[in-house]
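Note that our numbering gives residue 329 to position 319 of the sequence shown, counting from 1, and the numbers run on in steps of one. Every residue gets a Cβ at the ideal spot worked out from N, C-alpha and C, and that includes glycine. Quantities reported herein were computed from a predicted structural model and do not represent experimental measurements.
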Amino acid sequence: MSDLPDKEFTNPRAEHGFMGRTCSISAVGAYVPERIVTNRDLEKIVDTTDEWITSRTGIKERRIAADDEATSDLGAKAALIAMERAGVTPEEIDFIIVATITPDMPFPSTACLIQQKIGAHRAAAVDIEAACSGFIYGLEIGQQFIMSRTYDCVLVIGAEKLSSIIDWKDRNTCVLFGDGAGAAILQHRPQAHGLLTACMGADGRKANILAMPGGGSLHPATEASVHDRLHYLRMDGKEVFKNAVTAMCRAAKEALKRCDITVDNIKCIIPHQANKRIIDAVGDRLKARPDQLFMNLDKYGNTSAASVAVALDEAVEQGKIERGDLILLVVFGAGLTWGAAVIEW
Ligand code: ACO
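(1) Could you pull out every residue in the same chain whose Cβ sits closer than 8 Å to the Cβ of Pro43, ignoring the five residues on either side in sequence?
(2) Evaluate contact between the region 297-307 and the region 98-109, counting only Cβ atoms and requiring at least three cross-stretch pairs below 8 Å.
(3) Just to confirm, does Cys142 get its C-beta within under 6 Å of one of the non-hydrogen atoms of ligand 1?
(4) Between which two residues does the beta strand (DSSP E) holding Thr256 run?
(5) Pull up the CB-CB distance for Val341 and Ile146, whole angstroms please, since I reckon it's below 8 Å.
(6) What are the residues that DSSP puts in a beta bridge with Leu336?
(7) Under a three-way DSSP split, which group does Leu123 fall into?
(8) May I ask you to report which of helix, strand or coil DSSP gives Met210?
(9) Would you mind stating whether Gly226 and His241 have Cβ atoms separated by less than 7 Å?
(10) Can you give the beta carbon distance from Glu170 to Ala316, rounded, assuming they're within the 8 Å contact cut?
(11) Work out the CA separation of Leu186 and Glu53 for me, nearest whole Å.
(12) Can you tell me which residues form a DSSP beta bridge with Ile107?
(13) What number of angstroms, rounded off, separates the C-alpha of Arg31 from the C-alpha of Ile151?
(14) Using 7 Å as the threshold, is the C-beta distance between Gln154 and Leu205 below it?
(15) Would you identify the three-state DSSP class for Arg95, choosing helix, strand or coil?
(16) Between Val265 and Ala350, which are expected to be in contact by the criterion C-beta below 8 Å, what is the C-beta distance as a whole number of angstroms?
(17) Just to confirm, are Ala86 and Ile128 a CB contact at a threshold of 7 Å?
(18) If we call anything under 7 Å between Cβ atoms a contact, is Ile288 one with Ala262?
(19) Does at least one heavy atom of ligand 1 sit under 6 Å from the Cβ of Ala344?
(20) Please classify His282: is it buried, with 16 or more other beta-carbons within 10 angstroms of its beta-carbon, or exposed?
(21) Starting from the C-beta of Asn49, find all residues in its chain whose C-beta is less than 8 Å away, skip the five residues before and the five after it, and write them out in chain order.
(22) To the nearest angstrom, report how far apart Ile280 and Ala321 are at their CA atoms.
(23) With 16 other CB atoms within 10 Å as the buried threshold, where does Leu14 fall?
(24) For Asn275, tell me which candidate among Ala325, Ala257 and Leu296 has the shortest Cα-Cα distance.
(25) For the alpha helix (DSSP H) holding Glu150, just list the boundary residues, first then last.
(26) What are the residues that DSSP puts in a beta bridge with Pro113?
(27) For Thr81, I'd like the list of residues in its chain whose CB is within less than 7 Å of its CB, leaving aside the five on either flank, ordered along the chain.
(28) Tell me which same chain residues have a C-beta within less than 8 Å of the C-beta of Met258, skipping the five on either side of it?
(29) As an exercise, report each continuous alpha helix (DSSP H) stretch of at least 4 residues that is fully enclosed by the region 276-304, in chain order.
(30) So, Ile219 versus Asp246, is the Cβ gap smaller than 7 Å?
(31) Quick one, are the C-beta atoms of Ala88 and Ala40 less than 7 Å apart?
(32) State the start and end residues of the unbroken beta strand (DSSP E) segment that holds Arg72.
(33) How should Gly214 be labelled, buried or exposed, when 16 other C-beta atoms within 10 angstroms of its C-beta is the threshold for buried?
(34) My output table needs one value for Ile331: the three-state DSSP class, helix, strand or coil.
(35) For Leu196, which three-state DSSP category applies?
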C-alpha cells in the first residue's frame, strides 16, 4: 500500500445510482519487439539529430517489429503475460477488445486473430479505433460488461505496429513512433473499487490534423494513392501539441472532480507517452509533482494505443503502483480523441 494518507473518494458510478458490481484490473502485461532503433540510427536515414529528437520529444530509442511480426503477434504476447499474472485460462475469457490503428488487415479484426493465437475460443472479439486514446476507450467499454454482469472476464489490448504506416522519408513523423502492445484483464474483485471513472471525448472537426488518409473507402489503395503516399501517417505537429495539452488537462480535471479528489491523492499519473514536453506541460497545469508522472517514452517513443498500457505495466513492475493506490491515466490521440480514467489499483 502507498504511504499516502487515506482519502475517502466518491465513487461516481454509485453517485449516479449505479447498482452493478465494480470492475478491477486484475493484471497487466506488455510486450515490445526486440529490435531497438536509436536516434543515431535515424540520423542515417533522415536529416535529423539525436540532439533535436531528444530535446523536442524526450525520445532516445524505439522498438521496431520484425517484417513477419504483425500487430496481432505483439498483442497476443502481451495478452498471454497478463493472463498468466491474473491466473486466467484462455477458456475463461468472455470478451476481447483490441484498440489499434494498425490492424493486421482491414478485416477480419485483429481481435479475432488474437483470439485464435491465445486459444480463447469462447470469447467474443472486436477491434475499436480511437488512436492513442484507444486503451482508455477499451477499458471503459470492457468495464460496462463486467459491471452489468454480462461478462466475468474481459481482455483489453492496445497493440500497434506503427512502423508499418510511418513514412520513413518524413523526419517530422518517423522519429516519433514505435511498436508495442499492452494488455489488461478486467474482472470484478471483491473489496476493490477498481475503475472509478473514465471521461472520454472526441472532436471530429480536427480529424485532419493527424490522419492516414489512404487505404480506406475514401481513398482506396491504388497506384495513385501509393504514389501520393496517402497510406502513411500525416500530422500537423504543432496543432496536435496544443490540442493534446488542452484536452488532456480538461479530461484529467474532470475525472478527478467526478471522484471528488485532487491530484495530491493520486499516487501515479500515467499519461500517453507521445512527447516529454506535452507530459511536462500537462503535469504543470495539473500541479502534479514530477515524481507523480510516469514516463518511459525515452525507450519506446509513441506507441499509440499501446502507450499507456505498456507504461502501466512498467509502473506496476517497477513497484511505483501498489494495490489500493489511486492512479490517473490520461490520453490523447487522432480523431481527435481524448480521455482520462481514475483507478483504485
Ligand atoms: N529533426 C530535425 N528537425 C526537424 C525534425 C527532425 N526529426 N522534425 C521537424 N524538424 C524541423 C521542422 O522541419 C522545422 O523546421 P523549419 O522551422 O525549418 O520548418 C523545425 O524542426 C521546427 O519544427 P516545429 O514543428 O516547430 O517543432 P516542435 O517544437 O513543434 O516539435 C513535434 C515538433 C515534436 C512534432 C511536436 O510538435 C510534437 O510533439 N507534437 C505532438 C505530436 C504528437 O504527440 N503526435 C502524436 C499524437 S497521438 C496519436 O494519435 C498518434
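With the structure as the only source:
(1) As a working mapping, residue 43 is identified with position 33 in the sequence shown. Correct list, in chain order: Arg73, Ile74, Ala75, Ala76, Glu79, Leu84, Asp189 and Gly190.
(2) Fewer than three Cβ pairs drawn from the region 297-307 and the region 98-109 lie within less than 8 Å of each other, which leaves the two stretches out of contact.
(3) Stepping through the sequence shown from its first residue, residue 142 is reached at position 132. Within the cutoff, so yes.
(4) Position 246 of the sequence shown, counted from the start, is the residue given in the question as residue 256. DSSP places Thr256 in no beta strand (DSSP E) but in the uninterrupted alpha helix (DSSP H) bounded by Gly247 to Arg268.
(5) Reading the sequence shown from its first residue, position 331 is the one you call residue 341. Reading the sequence shown from its first residue, position 136 is the one you call residue 146. Contact flag correct, Cβ pair sits at about 5 Å.
(6) Here residue 336 is taken as the residue at index 326 of the sequence shown, counted from 1. Note: Leu336 sits in a beta bridge opposite Glu354.
(7) Here residue 123 corresponds to residue number 113 of the sequence shown, with the count starting at 1. Leu123 falls in the helix class under three-state DSSP.
(8) On the sequence shown, position 200 is the one that residue 210 refers to. When DSSP states are grouped into helix, strand and coil, Met210 belongs to the strand group.
(9) For this step, residue 226 is matched to residue 216 along the sequence shown. For this step, residue 241 is matched to residue 231 along the sequence shown. No.
(10) As a position in the sequence shown, residue 170 is number 160, starting the count at 1. As a position in the sequence shown, residue 316 is number 306, starting the count at 1. Rounded, the Cβ-Cβ distance is 5 Å, consistent with contact.
(11) Start at 1 with the first residue of the sequence shown, and residue 53 comes out as number 43. Start at 1 with the first residue of the sequence shown, and residue 186 comes out as number 176. Cα to Cα, Glu53 sits roughly 13 Å from Leu186.
(12) Working through the sequence shown from its first residue, we reach residue 107 at position 97. According to DSSP, Ile107 shares a beta bridge with Val136 and Val166.
(13) Here the question's residue 31 lines up with position 21 in the sequence shown. Here the question's residue 151 lines up with position 141 in the sequence shown. Between the alpha carbons of Arg31 and Ile151 lies a distance of about 15 Å.
(14) Here residue 154 refers to the residue found at position 144 of the sequence shown. Here residue 205 refers to the residue found at position 195 of the sequence shown. Here Gln154 is not near Leu205, since their CB atoms are 7 Å or more apart.
(15) Taking the first residue of the sequence shown as position 1, residue 95 is located at position 85. DSSP places Arg95 in helix when its eight states are reduced to three.
(16) For this step, residue 265 is matched to residue 255 along the sequence shown. For this step, residue 350 is matched to residue 340 along the sequence shown. The sequence as given places Ala at residue 265; Val does not occur at that position. Their Cβ separation, rounded to whole angstroms, is 4 Å, which keeps Ala265 and Ala350 in contact under 8 Å.
(17) Taking the sequence shown and counting its residues from 1, the one referred to as residue 86 is at position 76. Taking the sequence shown and counting its residues from 1, the one referred to as residue 128 is at position 118. Contact flag set, yes.
(18) Here residue 288 refers to the residue found at position 278 of the sequence shown. Here residue 262 refers to the residue found at position 252 of the sequence shown. Not in contact: Ile288 and Ala262 (Cβ atoms no closer than 7 Å).
(19) The sequence position of residue 344 within the sequence shown is 334, counting from 1. Yes, the beta carbon of Ala344 sits closer than 6 Å to at least one heavy atom of ligand 1.
(20) Within the sequence shown, residue 282 is the residue found at index 272, counting from 1. Label assigned to His282: buried.
(21) The residue given as residue 49 occupies position 39 in the sequence shown. Closer than 8 Å at Cβ, skipping near neighbours: Thr58, Thr59, Asp60, Ile63, Thr64, Ile69, Lys70, Glu71 and Val185.
(22) Taking the first residue of the sequence shown as 1, we reach residue 280 at position 270. Taking the first residue of the sequence shown as 1, we reach residue 321 at position 311. C-alpha separation (whole angstroms): 7 Å.
(23) In the sequence shown, the residue the question calls residue 14 occupies position 4. Only weak support exists for where Leu14 lies, its pLDDT of 42 falling under 50; the value from the coordinates is given anyway. Leu14 comes out exposed.
(24) As a first step, residue 275 is located in the sequence shown; it is residue number 265 there, counting from the start. Comparing Cα positions, the closest option is Leu296.
(25) As a working note, residue 150 is residue 140 in the sequence shown. First-last of the alpha helix (DSSP H) with Glu150: Gly144 to Met157.
(26) On the sequence shown, residue 113 is found 103 positions in, with the first residue counted as 1. When DSSP reads this structure, Pro113 sits in no beta bridge, so it has no partner.
(27) As a working mapping, residue 81 is identified with position 71 in the sequence shown. The beta carbon of Thr81 lies closer than 7 Å to those of Thr110, Thr112, Pro113, Asp114, Thr120, Ala169, Glu170 and Lys171 in the same chain, with the five residues before and after it left out.
(28) Within the sequence shown, numbered from 1, the residue matching residue 258 stands at position 248. These residues qualify, in order along the chain: Pro281, His282, Ile288, Val292, Val340, Val341, Phe342, Trp348 and Ala350.
(29) Segments of the alpha helix (DSSP H) lying fully in the region 276-304: 286-296.
(30) Indexing the sequence shown from 1 puts residue 219 at position 209. Indexing the sequence shown from 1 puts residue 246 at position 236. Yes, they are a contact pair.
(31) Along the sequence shown, read from residue 1 onward, the residue named residue 88 stands at position 78. Along the sequence shown, read from residue 1 onward, the residue named residue 40 stands at position 30. Taking the C-beta atoms as reference points, Ala40 is found nearer than 7 Å to Ala88.
(32) One-based indexing of the sequence shown puts residue 72 at position 62. Taken as a continuous stretch (DSSP letters only), the beta strand (DSSP E) holding Arg72 covers Glu71 to Arg73.
(33) Position 204 of the sequence shown, counted from the first residue, corresponds to residue 214. Residue environment: Gly214 is assigned as exposed (fewer than 16 neighbouring CB atoms within 10 Å of its CB, all protein chains considered).
(34) Your numbering for residue 331 matches position 321 in the sequence shown. Coil, per DSSP.
(35) Within the sequence shown, numbered from 1, the residue matching residue 196 stands at position 186. DSSP places Leu196 in strand when its eight states are reduced to three.
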